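Asks: Quick note, the sequences are listed as chains A and B, same order. Residues 1 to 251, numbered by the working numbering, are exactly what the first sequence covers, in order. Residues 1001 to 1203, numbered by the working numbering, are exactly what the second sequence covers, in order. Glycine residues also receive a C-beta, built at the ideal position from the N, C-alpha and C atoms. Note that the coordinates shown come from a computational prediction; the quantities given were computed from them, not determined experimentally.
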Amino acid sequence: MAINISNPKHRDAVVAFEAVGPIRNVQFVDPKGNPVETRRLLKTDIEHDLDALMKKRKTLAAVAKALIKEDPEIDMNEFGMYLTDTSKVYVSKKGIIHLVDEVEVVTNPDGSLRERRTRKKEAQNINTDIPLRWTGKFIKKEEAAHRFVFTHKRQLIHVNGLTFDFLYDMAKELHERNSFLIVRGGEKGDRPIVMHRGGLQYNAFLEGRIKGDEYLLILQLSNIELKRPALSEPPASGGGQKDSKRSAKKK
Amino acid sequence: MPRSLKLSLDGEEFSVQLKKIDREDLYGSVEIEAFDEKGNPAQLLVLASDGKTLLNKGGTALATVDQKGNSIERPSLKAVNLEGEEIEMVESSFSAPNKLKVADIDDYLSQVVKSIYVLDPDEGGDLKFLLDHLSSGLIYSFPFSYRGGTEYDNAFIIGNKDDAFMVIGKQARFQFAKLNQAARLDSLEEEEVSGDDIDFDLL
């Protein structure tokens, strides 16, 4: 992926933007020590699920009888095949549809309805003609760490010698400040980060570290604060758990 | 009854209970309802590569296969380290006290976060001792495994003004970039801001 980002002098450049996964120290092997892999298989399709079986047989008792006698829930030719290159489609009673009205149903943490609204799919804003802005708004690392949880991370990497200097200087400034830079997108530079059309919105913070001639520039993404949910009050001092409200909450 | 996790800090042992939190608990959630052009409800399904097989949730399964594609039973698998040596399984962190060590903030910020818990005291107890330590801004860590397994995750105990939290993660695969390691591509006013200025209700 690529990201278009500007530096403190308003110079912008398109650089590489890479997802960062966890370090894995464990792998699995078969009894002979050979590597194995995990594959996704077809277990059942909608032609063979309970709804489809009920349409033909009407009662659960009849379905149960058929399961024992005929195995109608299994397609011997298809089931167990590897699934690759799947796609997501909307299906109504007319079959696969391409014109879809999507409505967002927004609920509060207690499960009550907040709003119903037509879904608007925000365009991605990390690699457009308008670079992500160096806002000049900094937050100390310590404060950020104790206020937000950074659930996703992306690393910015140079694509040539010029962009090495461009990114190194940004990392150096952030390293010396011991601060994160708040990064915003959009024309006015006031929008959260959206990495793909219709994707989740994140508050983005740029973190820089340097080690000699090397740099690490991380876009720390957060969509959750480090705080106790309102419906999850701590037990009274010296008392037991009181969490009945939360357990009844619709998630 | 939730399980208690025993923590040990500066020679003092105390028990906490973990309550998992996520975005929905704090801000609510958004679900998508879809309709065709005549207003009939539509559902999102998975279409297989043959262009006709439709799957619902639960229509897929994961299988472990060898290099020839033969299915292998999971209990027969061995966990090995990167050198191919068999590794010892780790125990659940609920089975013994967990000693807290002061963590580096950069280590904490380098985690790929898996889950977040708010800590509550065990019945009859309190977290004053822990909260006092966290109030100075210190972060503590220990190796954590919920059920036991092949390896530990990293648990970080961190506080805000009022509560203590446990953030579980794994070290991210960051690499410092050098000049000769370029990737390929497919003046403002400065100000210090407070976290209060940032809106997290992004629904």
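Cutting at 7 angstroms between CB atoms, please list the residues of its own chain near T86 of chain A, excluding the five before and the five after it.
Replies: For the purposes of this step, residue 86 of chain A is identified with residue 86 of the first sequence, where counting begins at 1. So no residue of the chain qualifies.
Asks: When the Cα atoms are used, what is the spatial distance from V1118 of chain B to E225 of chain A?
Replies: Translated into positions along the second sequence, residue 1118 of chain B becomes position 118. Translated into positions along the first sequence, residue 225 of chain A becomes position 225. If you take the alpha carbons of V1118 of chain B and E225 of chain A, they lie about 12 angstroms apart.
Asks: Using CA coordinates, which residue listed in B:R1074, B:R1147, B:L1130, B:Y1140 is at the minimum distance from F1014 of chain B?
Replies: Start at 1 with the first residue of the second sequence, and residue 1014 of chain B comes out as number 14. Of the listed residues, the one whose Cα sits closest to F1014 of chain B is B:L1130.
Asks: R197 of chain A: which of A:L162, A:A62, A:Q124, A:W134 sits nearest, CA to CA?
Replies: Indexing the first sequence from 1 puts residue 197 of chain A at position 197. Per the Cα distances, A:Q124.
Asks: Any idea what DSSP makes of R1184 of chain B, helix, strand or coil?
Replies: Sequence index remark: in the second sequence, residue 1184 of chain B carries index 184 (1-based). Here R1184 of chain B sits in coil by DSSP.
Asks: Contact check, I182 of chain A vs I130 of chain A under 8 angstroms by CB: the rounded distance?
Replies: As a working mapping, residue 182 of chain A is identified with position 182 in the first sequence. As a working mapping, residue 130 of chain A is identified with position 130 in the first sequence. The pair is not a contact, with the Cβ atoms about 17 angstroms apart (cut-off 8 angstroms).
Asks: Does the beta-carbon of K242 of chain A have 16 or more other beta-carbons within 10 angstroms, so that it is buried, or is it exposed?
Replies: One-based indexing of the first sequence puts residue 242 of chain A at position 242. For K242 of chain A, the predicted model reports a pLDDT of 37, less than 50, meaning its position is unreliable and no value from the coordinates is stated.
Asks: I'd like to know whether the C-beta atoms of Q220 of chain A and L1109 of chain B end up nearer to each other than 8 angstroms.
Replies: Translated into positions along the first sequence, residue 220 of chain A becomes position 220. Translated into positions along the second sequence, residue 1109 of chain B becomes position 109. In contact: Q220 of chain A and L1109 of chain B (Cβ atoms closer than 8 angstroms).
Asks: Within 10 Å of its beta-carbon, does N203 of chain A have 16 or more other beta-carbons around it, so buried, or fewer, so exposed?
Replies: Taking the first sequence and counting its residues from 1, the one referred to as residue 203 of chain A is at position 203. Buried, by the Cβ-count rule.
Asks: Give the straight-line distance between the Cα atoms of R147 of chain A and M76 of chain A, rounded to the nearest whole angstrom.
Replies: Within the first sequence, numbered from 1, the residue matching residue 147 of chain A stands at position 147. Within the first sequence, numbered from 1, the residue matching residue 76 of chain A stands at position 76. The alpha-carbon atoms of R147 of chain A and M76 of chain A are separated by roughly 54 angstroms.
Asks: With a floor of 4 residues, list each alpha helix (DSSP H) that falls wholly inside the region 1010-1080 of chain B, ordered by position along the chain.
Replies: Entirely contained in the region 1010-1080 of chain B, the alpha helix (DSSP H) runs reaching 4 residues are, in chain order, 1023-1027.
Asks: Between which two residues does the beta strand (DSSP E) harbouring F17 of chain A extend?
Replies: Residue numbering aside, residue 17 of chain A sits at position 17 when the first sequence is read from its first letter. Element bounds for F17 of chain A: 12-19.
Asks: For the beta strand (DSSP E) containing K56 of chain A, name the first residue and the last one.
Replies: Taking the first sequence and counting its residues from 1, the one referred to as residue 56 of chain A is at position 56. Unbroken run through K56 of chain A is the alpha helix (DSSP H), 50-57; no beta strand (DSSP E).
Asks: DSSP beta-bridge partners for F205 of chain A?
Replies: In the first sequence, the residue the question calls residue 205 of chain A occupies position 205. Per DSSP, A:I182, A:Q220.
Asks: Could you list the residues in the region 1004-1036 of chain B with a C-beta less than 8 angstroms from some C-beta on chain A, going in chain order?
Replies: Taking 8 angstroms as the Cβ-Cβ cut-off against chain A, the residues of the region 1004-1036 of chain B that qualify are Q1017, K1019, I1021, D1022, R1023, E1024, D1025, L1026, Y1027, G1028, S1029, V1030, E1031, I1032, E1033, A1034, F1035, D1036.
Asks: Would you please verify whether the beta carbon of K43 of chain A is less than 8 angstroms from any beta carbon of chain B?
Replies: Sequence index remark: in the first sequence, residue 43 of chain A carries index 43 (1-based). Yes, K43 of chain A lies at the interface with chain B (some Cβ there is under 8 angstroms from its Cβ).
Asks: Residues in its own chain within less than 6 angstroms of S1187 of chain B by CB, not counting five upstream and five downstream?
Replies: Translated into the one-based positions of the second sequence, residue 1187 of chain B becomes position 187. Since pLDDT at S1187 of chain B reaches only 42, below the 50 mark, its modelled position is unreliable, and no value is offered.
Asks: Does the separation of the CB atoms of A1164 of chain B and L1127 of chain B fall below 8 angstroms?
Replies: Position 164 of the second sequence holds residue 1164 of chain B. Position 127 of the second sequence holds residue 1127 of chain B. The answer is yes: Cβ separation under 8 angstroms.
Asks: Does DSSP put K249 of chain A in a helix, a strand or coil?
Replies: Taking the first sequence and counting its residues from 1, one reaches residue 249 of chain A at position 249. Because the pLDDT of K249 of chain A is 38, which lies under 50, any placement of that residue in the model is unreliable, and the number read from its coordinates should be weighed accordingly. Coil, per DSSP.
Asks: If I210 of chain A and H175 of chain A are in contact, beta carbons under 8 angstroms, what's the gap, nearest whole angstrom?
Replies: For the purposes of this step, residue 210 of chain A is taken as residue 210 along the first sequence, with counting starting at 1. For the purposes of this step, residue 175 of chain A is taken as residue 175 along the first sequence, with counting starting at 1. Going by Cβ atoms, the distance from I210 of chain A to H175 of chain A rounds to 5 angstroms, so yes, they are a contact pair.
Asks: What are the residues that DSSP puts in a beta bridge with A1172 of chain B?
Replies: Within the second sequence, numbered from 1, the residue matching residue 1172 of chain B stands at position 172. A:P22.
Asks: What residue range is occupied by the uninterrupted alpha helix (DSSP H) comprising K172 of chain A?
Replies: The sequence position of residue 172 of chain A within the first sequence is 172, counting from 1. 161-177 is the span of the alpha helix (DSSP H), which, as asked, contains K172 of chain A.
Asks: Measuring CA to CA, which of B:G1011, B:L1005, B:E1012, B:E1031 is closest to T107 of chain A?
Replies: As a position in the first sequence, residue 107 of chain A is number 107, starting the count at 1. Closest option to T107 of chain A, Cα to Cα, is B:E1031.
Asks: Roughly how far, in whole angstroms, is the beta-carbon of A145 of chain A from the beta-carbon of I1021 of chain B, given that I think they are within contact range, below 8 angstroms?
Replies: As a working mapping, residue 145 of chain A is identified with position 145 in the first sequence. As a working mapping, residue 1021 of chain B is identified with position 21 in the second sequence. Their Cβ separation, rounded to whole angstroms, is 17 angstroms, which puts A145 of chain A and I1021 of chain B out of contact at 8 angstroms.
Asks: Just mark L206 of chain A as buried or exposed, buried being the case when its beta carbon has 16 or more other beta carbons within 10 Å.
Replies: Sequence index remark: in the first sequence, residue 206 of chain A carries index 206 (1-based). That one is buried.
Asks: Does chain A have any CB closer than 8 angstroms to the CB of P1143 of chain B?
Replies: Locating residue 1143 of chain B in the second sequence gives position 143, counting from the first residue. Output row for P1143 of chain B: interface = no.
Asks: May I have the straight-line CA-CA distance separating G199 of chain A from N178 of chain A, to the nearest angstrom?
Replies: As a working note, residue 199 of chain A is residue 199 in the first sequence. As a working note, residue 178 of chain A is residue 178 in the first sequence. In a straight line, the C-alpha of G199 of chain A is about 30 angstroms away from that of N178 of chain A.
Asks: Put D1126 of chain B into one of helix, strand or coil per three-state DSSP.
Replies: Position 126 of the second sequence, counting from 1, holds the residue named residue 1126 of chain B. Coil, per DSSP.
Asks: Quick one: residues in its chain with C-beta nearer than 7 angstroms to the C-beta of T163 of chain A, no 5 flanking neighbours on either side, listed in chain order?
Replies: The residue labelled residue 163 of chain A in the question sits at position 163 within the first sequence. Cβ within range, chain order: A13, V15.
Asks: Report the CB separation of A1103 of chain B from F1156 of chain B in whole angstroms; it is logged as a contact under 8 angstroms.
Replies: Translated into the one-based positions of the second sequence, residue 1103 of chain B becomes position 103. Translated into the one-based positions of the second sequence, residue 1156 of chain B becomes position 156. The Cβ separation is near 6 angstroms, so the contact holds.
Asks: Of all Cβ atoms in chain B, is any one closer than 8 angstroms to the Cβ of E252 of chain A?
Replies: Past the edges of chain A, shown from 1 to 251, lies residue 252 of chain A, and the structure says nothing about it.
Asks: Could you tell me which chain B residues have their CB closer than 8 angstroms to the CB of R253 of chain A, listed as they occur along the chain?
Replies: Nothing about residue 253 of chain A can be reported from this structure: the residues present for chain A run from 1 to 251 only.
Asks: Taking only the alpha-carbon atoms, compute the straight-line gap between R228 of chain A and N1160 of chain B and give it to the nearest angstrom.
Replies: By one-based count along the first sequence, residue 228 of chain A stands at place 228. By one-based count along the second sequence, residue 1160 of chain B stands at place 160. Taking the straight line joining both Cα atoms gives about 9 angstroms.
Asks: Listing by chain order, which chain A residues have their CB less than 7 angstroms from the CB of D1066 of chain B?
Replies: The residue given as residue 1066 of chain B occupies position 66 in the second sequence. By Cβ distance, chain A contributes D30, N34, V36.
Asks: Quick check: is the beta carbon of E1085 of chain B nearer than 8 angstroms to any beta carbon in chain A?
Replies: Against the second sequence, residue 1085 of chain B aligns to sequence position 85. No, E1085 of chain B does not count as interfacial toward chain A.
Asks: Expressed to the nearest angstrom, what Euclidean distance is found between the alpha-carbon atoms of P109 of chain A and D1025 of chain B?
Replies: What you label residue 109 of chain A is simply residue 109 of the first sequence in a count that begins at 1. What you label residue 1025 of chain B is simply residue 25 of the second sequence in a count that begins at 1. Roughly 5 angstroms separates the two Cα atoms.
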